[in-house]
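*Asks:* So that we are looking at the same thing, I have put the structure below in structure tokens.
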Amino acid sequence: LAKTTQPISMDSYEGQEVNITCSHNNIATNDYITWYQQFPSQGPRFIIQGYKTKVTNEVASLFIPADRKSSTLSLPRVSLSDTAVYYCLVEGEGSSNTGKLIFGQGTTLQVKP
Amino acid sequence: DTGVSQDPRHKITKRGQNVTFRCDPISEHNRLYWYRQTLGQGPEFLTYFQNEAQLEKSRLLSDRFSAERPKGSFSTLEIQRTEQGDSAMYLCASSFRTGSETQYFGPGTRLLVL
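Protein sequences appear in the order of chains A and B. Heads up, the first sequence is in this note's numbering, so the first residue is 203 and it goes up one at a time. Heads up, the second sequence is in this note's numbering, so the first residue is 901 and it goes up one at a time.
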């Protein structure tokens, strides 16, 4: 059972900023929040990972409030090529943790011209 | 290309046949994972290797499924007596255990059982 909840789908237009929020109410102290992107007929691709506050890379930003019960992936100025499924996952390290990823259904982002 | 590779990319087989898929992880990665993904769903964990040791298997992995990772390098996933319900994308991922690790996925093998 996925540890996260996110919208099934979102629509946007080229050039807009897209924010996808994910809920993870039962996140554990040692869990990180990770986002993956998947295009049709390809494997998922790592986008960004964070533990708290804000993380930014060349692709996206990740905002995590102090309680860490949710997170928001922000994609600046999306283009048609950003049309994909975006997965939010929580994963942690521990003596019993294998690192396996538990995916939910993800958010299908459709970017329109 | 130094990413994760999988072979074949597509496989069509008849029900009851055996199939074998291969995954070549990123060379320095000691962890290797197999996932299965059906249409409209996220990938589901099947099994996991740390070097050559298979450390966890999902309940999804019935007795007809077997995975190996000899010498801790490439891995194979075999499905015996395939069923139509086995039709799916089979994804392989690898990672190097540090703290919070990133998994790198291959392109997948799409299996269609007729």
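Ideal placement from N, C-alpha and C gives every residue a C-beta, glycine not left out. As the structure is a computational prediction, the values presented were derived from the model and not from experiment.
#1: Between A:Ser-272 and A:Ser-225, which are expected to be in contact by the criterion C-beta below 8 Å, what is the C-beta distance as a whole number of angstroms?
#2: Strictly under 7 Å for the Cβ-Cβ distance: is A:Phe-248 near chain B by that measure?
#3: Just the Cα atoms here: how many angstroms apart are B:Ser-994 and A:Tyr-289?
#4: State the Cα-Cα distance for the pair B:Arg-981 and B:Arg-964, rounded to the nearest angstrom.
#5: With a threshold of 8 Å, are at least 3 pairs of Cβ atoms found where one atom belongs to the region 917-937 of chain B and the other to the region 264-278 of chain A?
#6: So the candidates are B:Thr-1009, B:Leu-1014, B:Glu-928; which of them puts its Cα closest to the Cα of B:Gln-906?
#7: Report the start-end ranges of each beta strand (DSSP E) in the region 264-298 of chain A that is 3 residues or longer and not cut off at the edges.
#8: Can you give me the C-alpha to C-alpha distance between A:Gly-296 and A:Tyr-238, rounded to a whole angstrom?
#9: I'd like to know if A:Thr-223 contacts chain B, where contact means its C-beta is closer than 7 Å to some C-beta of that chain.
#10: Among the residues of its own chain, which have a CB less than 8 Å from the CB of A:Ala-262, if the five just before and after it don't count?
#11: Quick one: grab the DSSP three-state call for B:Gln-906.
#12: Sorted by chain position, which residues of the same chain lie with C-beta nearer than 8 Å to A:Glu-219's C-beta, five sequence neighbours on each side aside?
#13: Taking the straight line between their C-alpha atoms, what separation do you get for B:Glu-983 and B:Glu-968?
#14: When you compare only the Cα positions, how much space is there between A:Tyr-253 and A:Arg-270?
#15: Between A:Phe-241 and chain B, is there a C-beta pair that is closer than 7 Å?
#16: Measuring CA to CA, which of A:Gly-301, A:Thr-309, A:Pro-209, A:Asp-284 is closest to A:Val-292?
#17: With distance defined between alpha-carbon atoms, name the residue in A:Arg-247, A:Ile-235, A:Ser-283, A:Val-257 nearest to A:Lys-314.
#18: Report the partner residues of B:Leu-1011 according to the DSSP bridge assignment.
*Replies:* Working from what's here:
#1: Position 70 of the first sequence holds residue 272 of chain A. Position 23 of the first sequence holds residue 225 of chain A. The Cβ separation is near 5 Å, so the contact holds.
#2: The residue you call residue 248 of chain A lines up with position 46 of the first sequence. Yes, because at least one Cβ of chain B sits closer than 7 Å to the Cβ of A:Phe-248.
#3: Position 94 of the second sequence, counted from the start, is the residue given in the question as residue 994 of chain B. Position 87 of the first sequence, counted from the start, is the residue given in the question as residue 289 of chain A. Computed Cα separation, rounded: 18 Å.
#4: Locating residue 981 of chain B in the second sequence gives position 81, counting from the first residue. Locating residue 964 of chain B in the second sequence gives position 64, counting from the first residue. Using only the alpha carbons, I get a separation of about 7 Å.
#5: By the criterion of at least three beta-carbon pairs nearer than 8 Å, the region 917-937 of chain B is not in contact with the region 264-278 of chain A.
#6: Here residue 906 of chain B corresponds to residue number 6 of the second sequence, with the count starting at 1. Measuring C-alpha to C-alpha distances from B:Gln-906 to each of B:Thr-1009, B:Leu-1014, B:Glu-928 identifies B:Thr-1009 as the nearest.
#7: 272-277, 286-294
#8: Within the first sequence, the letter at position 94 stands for residue 296 of chain A. Within the first sequence, the letter at position 36 stands for residue 238 of chain A. For A:Gly-296, the predicted structure reports a pLDDT of 45, less than 50, and the residue's modelled location is therefore unreliable. The matter cannot be settled from this model.
#9: Locating residue 223 of chain A in the first sequence gives position 21, counting from the first residue. No, A:Thr-223 does not count as interfacial toward chain B.
#10: Walking along the first sequence from the start, residue 262 of chain A turns up at place 60. Hits under 8 Å: Trp-237, Ile-249, Ile-250, Leu-275, Ser-276, Leu-277, Pro-278.
#11: Taking the first residue of the second sequence as 1, we reach residue 906 of chain B at position 6. Strand.
#12: The residue given as residue 219 of chain A occupies position 17 in the first sequence. Hits under 8 Å: Ser-276, Leu-277, Pro-278, Arg-279, Val-280.
#13: On the second sequence, residue 983 of chain B is found 83 positions in, with the first residue counted as 1. On the second sequence, residue 968 of chain B is found 68 positions in, with the first residue counted as 1. Their backbone Cα atoms lie some 21 Å apart in a straight line.
#14: In the first sequence, counting from the first residue as 1, residue 253 of chain A sits at position 51. In the first sequence, counting from the first residue as 1, residue 270 of chain A sits at position 68. If I take the Cα positions, the gap works out to 8 Å.
#15: Within the first sequence, the letter at position 39 stands for residue 241 of chain A. When Cβ-Cβ separations below 7 Å define contact, A:Phe-241 makes no contact with chain B.
#16: Taking the first sequence and counting its residues from 1, one reaches residue 292 of chain A at position 90. Selected option, being the one with the closest Cα: A:Gly-301.
#17: Counted from its first residue, the first sequence places residue 314 of chain A at position 112. The shortest C-alpha separation from A:Lys-314 is found at A:Ser-283.
#18: Here the question's residue 1011 of chain B lines up with position 111 in the second sequence. Answer is B:Lys-911, B:Ala-988, bridged to B:Leu-1011.
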